[in-house]
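Notes follow the structure.
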Amino acid sequence: DPAGCSGFVHGMAAFLQAELGVALSVVTRCARITKHLQARLCTEESICKSDSSPVTVGDFTVQALVLSELSRAFPGDGFIAEERSDVLRSQPEELRSVAQLVYGDEEGGGVDPRGERL
Numbered sequence: 014d015p016a017g018c019s020g021f022v023h024g025m026a027a028f029l030q031a032e033l034g035v036a037l038s039v040v041t042r043c044a045r046i047t048k049h050l051q052a053r054l055c056t057e058e059s060i061c062k063s064d065s066s067p068v069t070v071g072d073f074t075v076q077a078l079v080l081s082e083l084s085r086a087f088p089g090d091g092f093i094a095e096e097r098s099d100v101l102r103s104q105p106e107e108l109r110s111v112a113q114l115v116y117g118d119e120e121g122g123g124v125d126p127r128g129e130r131l
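Under this note's numbering, the first residue of the sequence shown carries the number 14, and numbering increases by one thereafter.
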């Protein structure tokens with residue numbers, strides 16, 4: 014029944030309104046960060062995981078930002094992520110870069126060259 018299906022989708026959208034709001038906010042910030050990092054990451058080496066696949070500061074930054082925002086918005090939920098934090102902790106320079114981009118000098122994120130909040 015198309016009408017029933019439409020009502021279900023609308024009901025789910027209303028039910029998930031908080032999740033949708035957080036998702037849109039974090040995706041917007043992640044897009045700004047990755048755009049800011051794109052030129053730099055194209056010339057720098059990536060960290061290689063044990064399976065030889067590359068991981069960039071951008072990968073870690075986006076993951077950290079998503080997990081930080083989701084944890085703040087939904088403190089009772091647990092999350093699974095792709096990149097292992099111990100790999101990043103073994104790379105102090107990259108760890109500092111990620112922390113600066115995600116948290117900046119204060120809560121709310123770093124600042125890109127145009128002065129926009131990330």
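We put the beta carbon where it would ideally sit given N, CA and C, even for glycine.
Taking the alpha-carbon positions, what's the residue i to residue j distance?
i      : j      : result
Pro126 : Ala27  : In this prediction, Pro126 has a pLDDT of 38, which is less than 50 and means its spatial position is unreliable; what the coordinates show is noted afterwards. Distance between the alpha carbons of Pro126 and Ala27: 37 Å.
Gln51  : Leu33  : 26 Å
Arg109 : Ala77  : 12 Å
Gly71  : Lys48  : 9 Å
Pro105 : Val39  : 25 Å
Glu82  : Val35  : 7 Å
Leu101 : Gly24  : 41 Å
Gln113 : Ser84  : 19 Å
Val115 : Gln30  : 24 Å
Phe92  : Glu107 : 23 Å
Lys90  : Gly117 : Note that residue 90 corresponds to Asp in the displayed sequence, not to Lys. Their Cα atoms are separated by approximately 25 Å.
Pro88  : Thr41  : 21 Å
Using only CA atoms, which one of the options lies nearest to residue i?
i      : options                        : result
Thr69  : Ala36, Ser98, Ser84 and Gln30  : Ser98
Ala86  : Leu37, Met25 and Val100        : Leu37
Val111 : Thr41, Ile46 and Gly91         : Ile46
Ser103 : Phe73, Gly117, Ala31 and Ile93 : Phe73
Cys43  : Val79, Ala31 and Leu29         : Val79
Ala94  : Val75, Pro88 and Glu107        : Val75
If I follow the unbroken alpha helix (DSSP H) through residue i, where does it start and stop?
i      : result
Ala94  : Premise fails: Ala94 is in no alpha helix (DSSP H) and is neither H nor E.
Thr74  : Val70 to Ala86
Leu108 : Pro105 to Tyr116
Point to revise | Every unbroken alpha helix (DSSP H) within the stretch 29-56, with a cutoff of 4 residues, ordered by chain | key: 30-54
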